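At the far end of the sequence shown sits residue 437, using the numbering used here, and the numbering has no gaps. Don't be surprised by glycine CBs; every beta carbon is placed ideally from N, CA and C. Quantities reported herein were computed from a predicted structural model and do not represent experimental measurements. What follows is one structure encoded as structure tokens, with my remarks underneath.
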Amino acid sequence: MSSKDSRILSGMRPTGKLHLGHLVGALDNWVRLQEDNQCFFMVADWHALMSEYECPSVVSESTFDNLIDWLAAGIDPAKSIIFIQSEVKEHLDLYMLFSCLTPLGWLERCPTYKEQLRQLSDRNVKTYGFLGYPVLQAADILLYKANKVPVGEDQLPHLELTREIARRVNGMYKKDIFPDPQALLTESPRLLGLDNRKMSKSFNNSVNLSDTADSVRKKIQNMITDPKRIKLGDPGHPKECNVFSYYKVFLRQREKEAFTWCTDAQKGCIECKTILAEALIEKISLHQEKRKKWTKDKAGLEQIIKDGRLRASQFAGQTLKELKQAMGIL
Ligand code: SF4
């Protein structure tokens, strides 16, 4: 198998500013993957609109802002195809064709659908469009015949549905058009939010890549630590402390040391948090420094988006043509 044999597609919904979870949970992984694979990275603006349609300006604002974060994180347009979903019209064409043959039951039973209806309680997502969310995602993936899809665990049902749609289409039109795409689960440990809940914009519990040093310090000092550690002299239980889980991700070189100073009660939580906060500030300010180059170079950014659109469209157009031929509608 040649090194570029895996074709990878992943996407992110532009619904606001990115946070540390996006960096370690997705972007760092994408950066590694682009070395040995053919990668397509997509801003899923149609998907974002499905939940943000009441206030859609956040989608277009975040599209450019997030793209700048991708580039600052090291996504390289010379290695990867970076594009905006709505600019490649074939996504909606394929979505329409898939809609015709996707049984309603598959979508109604999809566990992520029920979960999202509960989670996005501040949005009205009881819509026709939102039910079809995974069908559009299947179109994203299959349009490029991606065989690997880096996603978080929460996306597994969408991958399963993608495979089911692919099989149904291949079987129905008697042509092996689509592959059997597999999820590529991100290995990095899951980063919880500052309040120990899932890190999410709607919980307002994340360290954002755009945060100032002062705001990072405040956020980290407010984190809940080991509830059993009350006095400085009490030994702590790092495994039950979210601050320590941040050490595991961002300060690996001091993880052992921190474990000891906590369990031996050598350092207090305030000092432990200060050390973490300063490390995060360094990481974030480095990222912000890299962002500057792209915020100043609007033309360069537009060129990347245009290139990405042209390159993605070539693949997309070919796949769509192949399917339409097999269906006899071309
Ligand atoms: Fe958590 Fe650090 Fe306090 Fe231990 S010393 S409980 S790891 S904040």
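Cα atoms of Q226 and E396: separation of roughly 34 Å, rounded to the nearest angstrom. Counting only runs of 3+ residues, the beta strand (DSSP E) found wholly inside the stretch 184 to 219 occupies 187 to 191, in chain order.
The beta carbons of L316 and L174 sit no closer together than 8 Å. Judged by their CB atoms, C146 and I115 are nearer to each other than the 8 Å cut-off. Within 10 angstroms of the beta-carbon of N312 lie 16 or more other beta-carbons, which makes it buried. By the criterion of a C-beta distance shorter than 6 Å, W401 is surrounded in its chain by I175, L178 and L408, once the five residues flanking it on both sides are discounted. DSSP, reduced to helix, strand and coil, places L125 outside both helices and strands of the structure shown, so it counts as coil. In this structure, DSSP gives P264 a helical state, which the three-state scheme calls helix. Per DSSP, Q373 lies in no alpha helix (DSSP H) and is assigned neither H nor E.
In the three-state scheme derived from DSSP, where H, G and I count as helix and E and B as strand, Q360 is classed as helix. Judged by the Cβ position, A365 qualifies as a neighbour of the ligand SF4 at the 7 Å threshold, a heavy atom of the ligand being closer than this. Excluding its 5 nearest sequence neighbours in each direction, S206 has C-beta neighbours in its own chain below 8 Å: G239 and V242, listed in chain order. According to the DSSP assignment, K405 belongs to the alpha helix (DSSP H) that extends over K405 to M434.
Here the C-alpha atom of G259 lies approximately 25 Å from the C-alpha atom of I412. Contact between P345 and C369 holds: CB atoms are separated by about 5 Å, below the 8 Å threshold. Taken in chain order, no unbroken stretch of alpha helix (DSSP H) lies wholly in the stretch 269 to 297 with a span of 4 residues or more.
Cα atoms of R230 and Q360: separation of roughly 42 Å, rounded to the nearest angstrom.
By the Cβ neighbour-count rule, L298 is buried, with 16 or more other Cβ atoms within 10 Å of its own. In terms of Cα proximity to T319, the closest of L358, M203, V232 and K390 is K390. In the structure shown, P334 adopts coil according to DSSP, grouped into three states. The residues G259, T293, S295, R297 and L298, in chain order, have a CB closer than 8 Å to that of G132 in the same chain once the five nearest residues on each side in sequence are set aside. Below 8 Å, enough C-beta pairs join the stretch 205 to 220 and the stretch 262 to 270 to call them touching: three or more.
A distance criterion of 7 Å places the beta-carbon of K374 in contact range of the ligand SF4, judged by its closest non-hydrogen atom.
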